[in-house]
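Enquirer: Here it is: the structure, laid out below.
Structural data, given as structure tokens:
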């Protein structure tokens, strides 16, 4: 590979932590050429971002320590150049964009000032920088570039901020653009647009693109080559098609197997009695309508998915049912009684029957309570199970039910991985033997393979214990294997609802179709066909 | 580390809580020494006055300002004698009781009241919070020494009044810190999770919010200890604080001030006592912050598994 623009060779990086040395990456090599897109695919903790940070000289040393290897760019080893020389390359020849643009824009400066600064910082005249900024802001599709220059980061939506970030990265026409999870924080429809923009810009400028992601769909959509990382090592590399269809390493196969959308679709049992009936809920925050005449029916044992992008009101719906938030009008009838009008005393009884699993288990578990205390707290609250030995036995049983070990009861949340923490949160919800569990984005913060495991766990619980689920998600793909009915929400309204099979095969509403189309398929061939169809149509 | 603790036989689980605390204390040698120092100070305060009898109060004008490290007058004068010829060592031990009583009393009282109001102000609605915060502002806007002078002048100087006055002036520190932390903690997801489970307000405050806020409060309280000791000494210096024959370290420092030129030990030894006690408290609070945090505790437990 002589035409490689940037090449990482045999890079090994260790992290010296108080708990001993961690080998973050071991002997990894990759390269990217002009006009090429390389995807680095891996789950959290796989070390996928470490090599990119080494390229940008972003590793904090110590604790990080580069054991061996070289990073070749333009004939020199980036690990050997001085700090000053590196600074001259960063931003100018090699640029980087990050997952969360809000935290990488400085909130007290206008966006234009910050974009122009990348150029003036490298010694270009200000008027030239301004002209280039205007041109790029228009290019990435921000309306009214002149006005946008003077706005502040919070005045843009997440997708627009990511576009501005891309504009900022491209100011100095870099040879290499490193994108670290650029679309992970975005809605699916926005993700598709940003990826398309990146691809277009790459075609125009001929830059090399290094894309760090955990999402097979993103790889299928955009990558020319992919390296798969697991536990700090490259376990597989090749074109996305090779890797998808002929994966050799067991980890890659597991990752591909975990991609959703392959299992049987659940069918709703209409004969079971109605558990919850929501009737025309309305809720506004000032001028913003969060819920607009939302109605739904949930049967016993049903798993109902509510899908919508950010701001669609799906979380408000869950919070309203749980009485965490008031509504303007409407009813939520739970087993014949209206939840909305209930007195505080009656709400306490209802709290036993409806439980919730939150998006981020790291935040939803009290860090100062042991797992035993977390799971048994509900019994304390409701005065159940006064006997200590019975409690211990029940906690052990619950832990086994969610796939953890009984001896985990003595540990604290920080000693678990993200997926395990979510299992603890599920065990906590199960402890009160609820009839309905509301999952608010319960798997969104988890790695793909863990997502599949948690969804399988929830599905098993539904079948064995007959618990109903209200499953809130922003991603249609996630709900396909789990839900029997899907509601699609947009701007506080339900735009379409129906059995899962019907939504996926014969959706009526254009918004649902748009969501489905934006949902990236892990199979590169499917993605290629979709692109072809889109360009025809 | 976690794996190691898991693999260990259940013997460790059955170890009593006291033994666990002791072994964790032993891991941090500084904290261990601090506990011994504080225990010593506590014993002095408890038993000192009874054991010493009149030794600390008997005047001996021939021994005025006798220099330290001179054993010709007996062991009691090893740290020298004060301006009235009383042995410094005995005076220091005797003073420990009033010093600890005032400082600990004021710090604990202001901590409890401040934290309680802070929790309420942070957790309850806007009106209650506003009322409490404005009251705190009123206290803060007075120079604390001025309130103390006025109140003590009206009520008459006594140890209880001293505690009361010093506690009131320090309340806003705890109140504001607690409120700020509560405002942040109550938005966290695990508080929402507790609400969903049906937890009462008191349970949420006591079980979920207070444990997150407590380490900060304990750290402030130990720092405040030294401040309260010195504030008490300035009140005593003005003559409205501790009344002779009662004495505190702070009062001893200010009484020794005119003699700094020719008899440094009059102010130095009580000053050293204040420094050592505060330092010990700080080191202990540092240890407590780590020991109380499950995510940090391994620092104190870790070596026990690797050492063996």
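Residue numbers (our numbering), protein chains in the order written: chain A, 2 to 538; chain B, 5 to 312.
From the three backbone atoms N, C-alpha and C, an ideal C-beta is built for every residue, glycine too.
As the structure is a computational prediction, the values presented were derived from the model and not from experiment.
Quick check on residue 110/A: does DSSP put it in helix, strand or coil?
Expert: Residue 110/A: coil per DSSP, three-state reduction.
Enquirer: What's the gap between the Cα of residue 5/B and the Cα of residue 295/B?
Expert: Confidence at residue 5/B is low in this model, with a pLDDT of 39, below 50, so the placement of that residue should be treated as unreliable; the coordinate-derived value is given next. If I take the Cα positions, the gap works out to 16 Å.
Enquirer: What's the C-alpha gap between residue 187/B and residue 117/B?
Expert: Their backbone Cα atoms lie some 18 Å apart in a straight line.
Enquirer: Give me the subset of the region 358-381 of chain A whose CB atoms are less than 7 Å from a CB atom of chain B, sorted by chain position.
Expert: Of all residues in the region 358-381 of chain A, 359, 361, 364, 365, 366, 367, 368, 369, 378, 379 have a Cβ within less than 7 Å of some Cβ in chain B.
Enquirer: Can you find at least 3 beta carbon pairs, one from the region 183-197 of chain B and one from the region 349-363 of chain A, that sit closer than 8 Å?
Expert: At 8 Å Cβ cutoff, the stretches touch.
Enquirer: Check the Cβ-Cβ distances between residue 292/B and every residue of chain A, and say whether any is below 8 Å.
Expert: So, not an interface residue.
Enquirer: Find the nearest neighbour of residue 1/A within the set 178/A, 120/A, 149/A, 160/A, judged by alpha-carbon distance.
Expert: Within the shown structure, residues of chain A are numbered from 2 to 538, placing residue 1/A beyond reach of any answer.
Enquirer: What are the boundary residues of the alpha helix (DSSP H) that residue 70/A is part of?
Expert: Element bounds for residue 70/A: not the alpha helix (DSSP H) but the beta strand (DSSP E), 65-74.
Enquirer: With 16 other CB atoms within 10 Å as the buried threshold, where does residue 528/A fall?
Expert: The residue in question, residue 528/A, is buried, as its Cβ has 16 or more Cβ neighbours within 10 Å.
Enquirer: Using the Cβ count rule (16 or more neighbours within 10 Å means buried), how would you classify residue 233/A?
Expert: It counts as buried.
Enquirer: With C-beta atoms as the reference, is residue 25/A less than 8 Å away from residue 48/A?
Expert: A contact, by the Cβ cut-off of 8 Å.
Enquirer: Taking the C-alpha atoms as reference points, what is the distance between residue 220/A and residue 227/A?
Expert: If I take the Cα positions, the gap works out to 7 Å.
Enquirer: Between the region 107-117 of chain A and the region 177-192 of chain A, are three or more C-beta pairs nearer than 8 Å?
Expert: Cβ pair count under 8 Å is below three, so no.
Enquirer: Around the Cβ of residue 268/A, are there at least 16 other Cβ atoms within 10 angstroms (buried) or fewer (exposed)?
Expert: Its Cβ having fewer than 16 others within 10 Å, residue 268/A is exposed.
Enquirer: Please return the same chain residues whose Cβ sits closer than 7 Å to the Cβ of residue 223/B, not counting the five positions on each side in sequence.
Expert: The residues are 289, 293.
Enquirer: Using 8 Å for Cβ pairs, my map puts residue 34/A next to residue 6/A. What's the rounded Cβ distance?
Expert: Yes, they are in contact, since the Cβ atoms of residue 34/A and residue 6/A sit about 6 Å apart, within 8 Å.
Enquirer: What residues in the region 317-329 of chain A bring their beta carbon closer than 7 Å to a beta carbon of chain B?
Expert: Residues 323, 325.
Enquirer: Go to residue 419/A, then tell me how far its alpha helix (DSSP H) extends in each direction, as first and last residue.
Expert: Segment 419-432, the alpha helix (DSSP H) holding residue 419/A.
Enquirer: Check whether the Cβ of residue 175/B lies closer than 8 Å to any Cβ atom in chain A.
Expert: Not one chain A Cβ lies under 8 Å of residue 175/B.
Enquirer: Let's test the definition: count the other Cβ atoms within 10 Å of the Cβ of residue 119/A and tell me whether it reaches 16, buried, or not, exposed.
Expert: With 16 or more Cβ atoms within 10 Å of its Cβ, residue 119/A is classed as buried.
Enquirer: So, helix, strand or coil for residue 49/A, using DSSP?
Expert: Three-state DSSP puts residue 49/A in coil, outside helix and strand.
Enquirer: Take residue 36/A and list the residues in its own chain whose beta-carbon comes closer than 6 Å to its own, dropping the five residues that flank it on each side.
Expert: Counting only Cβ-Cβ distances below 6 Å, and skipping sequence neighbours, we find 207.
Enquirer: Can the beta-carbon of residue 420/A be found closer than 8 Å to that of residue 454/A?
Expert: A contact, by the Cβ cut-off of 8 Å.
Enquirer: Give a yes or no on whether the minimum CB-CB distance between residue 193/B and chain A is below 8 Å.
Expert: Residue 193/B counts as touching chain A.
Enquirer: Quick check for students: name the residue ranges of the alpha helix (DSSP H) that lie wholly in the region 107-151 of chain B, counting only runs of 4 or more.
Expert: DSSP runs (the alpha helix (DSSP H)) wholly in the region 107-151 of chain B: 130-145.
Enquirer: If you reduce the DSSP assignment to three classes, tell me which class residue 105/A lands in.
Expert: DSSP places residue 105/A in helix when its eight states are reduced to three.
Enquirer: Mind listing the chain A neighbours of residue 2/B? Cutoff is C-beta to C-beta under 7 Å, in chain order.
Expert: There is no way to answer for residue 2/B, as the model of chain B reaches only from 5 to 312.
Enquirer: When the Cα of residue 301/B is compared with those of 485/A, 436/A, 68/A, 370/A, which residue comes out closest?
Expert: If we check each option's Cα against that of residue 301/B, 370/A comes out closest.
Enquirer: Rounded to the nearest angstrom, what separates residue 272/A and residue 305/A at their Cα positions?
Expert: Distance between the alpha carbons of residue 272/A and residue 305/A: 15 Å.
Enquirer: Could you give the DSSP three-state label for residue 260/B: helix, strand or coil?
Expert: Note: residue 260/B maps to helix in three-state DSSP.
Enquirer: Residue 299/B versus chain A: which residues are under 8 Å apart at the beta carbon?
Expert: Within 8 Å Cβ-Cβ: 368, 413, 415.
Enquirer: Note down the Cα distance separating residue 506/A from residue 499/A, rounded to an integer number of angstroms.
Expert: Distance between the alpha carbons of residue 506/A and residue 499/A: 11 Å.
Enquirer: Residues of chain A with CB under 7 Å from residue 199/B, in chain order?
Expert: Under the 7 Å cutoff, chain A gives 325.
Enquirer: Assuming residue 203/A is part of the alpha helix (DSSP H), what are its boundary residues?
Expert: Here the alpha helix (DSSP H) through residue 203/A covers 189-206.
Enquirer: Report buried or exposed for residue 180/A, applying the criterion of at least 16 other Cβ atoms within 10 angstroms of its Cβ.
Expert: Buried is the call here.
Enquirer: Inspect the CB distances between the region 29-43 of chain B and the region 88-104 of chain B and report whether three or more fall short of 8 Å.
Expert: Taking 8 Å as the limit for Cβ pairs, the verdict is that the region 88-104 of chain B does not touch the region 29-43 of chain B.
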